[in-house]
Amino acid sequence: MTHADAPSVTILLLCHKDERFIRASLEAAFAQTVPCEIIVSNDCSGDRTFDIAQEMVAQYHGHHRVSVRRNERNLGVAEHVNATVPLASGEIIVMMAGDDIAYPHRVAATLDAFARNPRVTILGSDFDGIDEEGRAHPLRFRPRPDPFGLDAFVQAGRLIGLLGATIAFRREVFDRFGPILGPIEDNALSLRGALLGQCLQLQDKLIQYRQHAGSVSAGVFARNESQDVAMRRRYERTIRFYRGTADDLEQCATQLPDLAGEGRRHVDDILAMYRIEADSREALLERPRLHWVRPILRGLMQRGARRKSAERALKLFVPRRWIGLRA
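Going by the numbering used here, 108 is the number at position 29 of the sequence shown; the sequence numbering is gapless.
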């Protein structure tokens with residue numbers, strides 16, 4: 080595919096409290112070999128991230144069309160995506176984060192993958208992990224099937240969305256269904272992509288994915304919090320993730336009146352599975368052991384949730400502190 084034949088591409092570079100990293104991230108966006116629209120959007124952080132981006136954009140002269148904006152208030156990850164995708168003109172949306180570094184061929188490789196896989200509506204990639212100083216920091220990210228659809232979510236029995244920092248999608252994945260529900264975007268977008276076609280995880284490493292104390296994933300997994308609160312925080316956040324993702328999938332499925340057969344069964348299984356997982360975690364976190372039994376039994380009867388529910392049943396017989404929760 081030549082650049083002239085390529086579909087229009089918008090890079091959404093979303094940033095928040097990234098003043099230490101935004102220069103490298105934006106320089107990487109400028110270095111993309113395919114001409115793009117680049118929208119730099121700051122989620123109303125109180126540091127100099129927005130000012131640095133403004134300075135760099137004002138001084139930029141190249142083949143990309145670049146703009147910078149800022150939300151009036153802090154929206155959080157999913158709402159930030161909701162606010163910026165409608166501003167994009169591209170047929171392909173490439174997500175970038177203000178603390179990561181895309182390799183120069185990322186957009187070109189993304190377009191090539193979409194061209195070779197017409198049924199794929201959303202894709203992600205492998206990555207090189209780095210720390211806050213840019214040093215190699217290996218990270219484990221379980222490979223996904225190649226490509227995969229709704230059935231893979233059922234078989235996995237857990238959230239297996241593409242990594243948000245590596246995601247690119249055909250804009251119909253957003254436009255067809257409207258704003259994302261829930262607090263995170265990657266699992267919701269991945270499921271939307273599977274509803275409309277297929278998901279794909281490229282084996283190529285297309286970004287440097289940075290881990291640091293202020294990163295989104297550090298907050299999600301409470302990596303920098305004390306051990307006595309980390310497990311509780313992870314449970315609380317994961318409960319919101321499962322419920323929000325299920326709510327988004329449900330509202331998307333209602334907009335597909337022709338969804339039937341195996342596709343409909345997969346959606347119903349995923350909705351039940353995710354809500355059982357949320358209810359189970361909430362029970363373990365907050366309720367007496369007697370209340371653990373009902374979600375565990377529901378899980379044992381639900382395709383996709385049986386293995387985790389069987390494992391959870393064993394927790395009925397051990398002290399809470401053994402599973403990282405206070406008594």
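No residue lacks a Cβ here, since even glycine has one placed at the ideal position from N, Cα and C.
Quick caveat, the model's predicted, so the values are computed rather than measured.
- Message: Measuring straight from C-alpha to C-alpha, what distance separates T81 and L93?
- Response: Residue placement at T81 is flagged as unreliable, the pLDDT there being 48, under the threshold of 50; a coordinate-derived value is accordingly withheld.
- Using a Cβ-Cβ cut-off of 7 Å (strictly less than) and excluding sequence neighbours within five positions of C331, which residues of its own chain qualify? F256, R271 and L274
- Item | Outcome for A389 when other beta-carbon atoms lying within 10 angstroms are tallied against a minimum of 16 | exposed
- Item | Under the three-state DSSP convention, the category A181 falls into | strand
- N- and C-terminal bounds of the alpha helix (DSSP H) containing I349: G340 to E365
- Query: Residues in its own chain within less than 8 Å of I171 by CB, not counting five upstream and five downstream?
  - Reply: P86, S87, V88, T89, T189, L190, F193, A247, F248, R249 and R250
- Using only alpha-carbon positions, find the residue among A231, F253 and A167 that is nearest to I201. F253
- Task: Could you check what DSSP says for Y321 in three-state terms: helix, strand or coil?
- Result: helix
- Item | Backbone secondary structure at D207 - three-state DSSP | strand
- Query: For the alpha helix (DSSP H) that N266 lies in, which residues bound it at each end?
  - Reply: D265 to L275
- Item | Option in L328, H95, I349 and Q277 with minimal Cα separation from P197 | Q277
- Query: What's the gap between the Cα of G155 and the Cα of L260?
  - Reply: 12 Å
- DSSP on K96, reduced to helix/strand/coil? coil
- Message: Here's a check: name, in chain order, each residue in its chain whose Cβ is nearer than 6 Å to the Cβ of A351, leaving out the five neighbours to either side.
- Response: Q381
- Where the alpha helix (DSSP H) containing R255 begins and where it ends: From DSSP, R255 is part of no alpha helix (DSSP H); its letter is neither H nor E.
- When DSSP builds the beta bridges, which residues end up paired with L281? S204
- Cβ pair E116, A181 closer than 8 Å: no
- Query: How close, in whole Å, do the beta carbons of G240 and R386 come, if the pair is a contact with beta carbons under 8 Å?
  - Reply: That belief does not hold up - the Cβ atoms of G240 and R386 are roughly 19 Å apart, past 8 Å.
- Message: Please classify V164 as buried or exposed, where buried requires at least 16 other C-beta atoms within 10 Å of its C-beta.
- Response: buried
- Identify every residue that forms a DSSP beta bridge with F109. According to DSSP, which records beta bridges pairwise, F109 is partnered with nothing at all.
- Query: What residue from L229, A384 and V147 has the CA that sits closest to E341's CA?
  - Reply: L229
- Query: Are there 16 or more other CB atoms within 10 angstroms of the CB of T112, so buried, or fewer, so exposed?
  - Reply: exposed
- Through-space distance from R195 to M174, alpha-carbon basis: 20 Å
- For R144, does the three-state DSSP call read helix, strand or coil? strand
- Between the segment 145–162 and the segment 118–137, do at least 3 Cβ pairs fall closer than 8 Å? yes
- Message: Less than 8 Å between the beta carbons of E329 and V160, yes or no?
- Response: no
- Task: Pick out whichever of H140, R102, A110 and I118 has its Cα sitting closest to the Cα of M127.
- Result: In the sequence on display, residue 127 carries Arg and not Met. Selected option, being the one with the closest Cα: R102.
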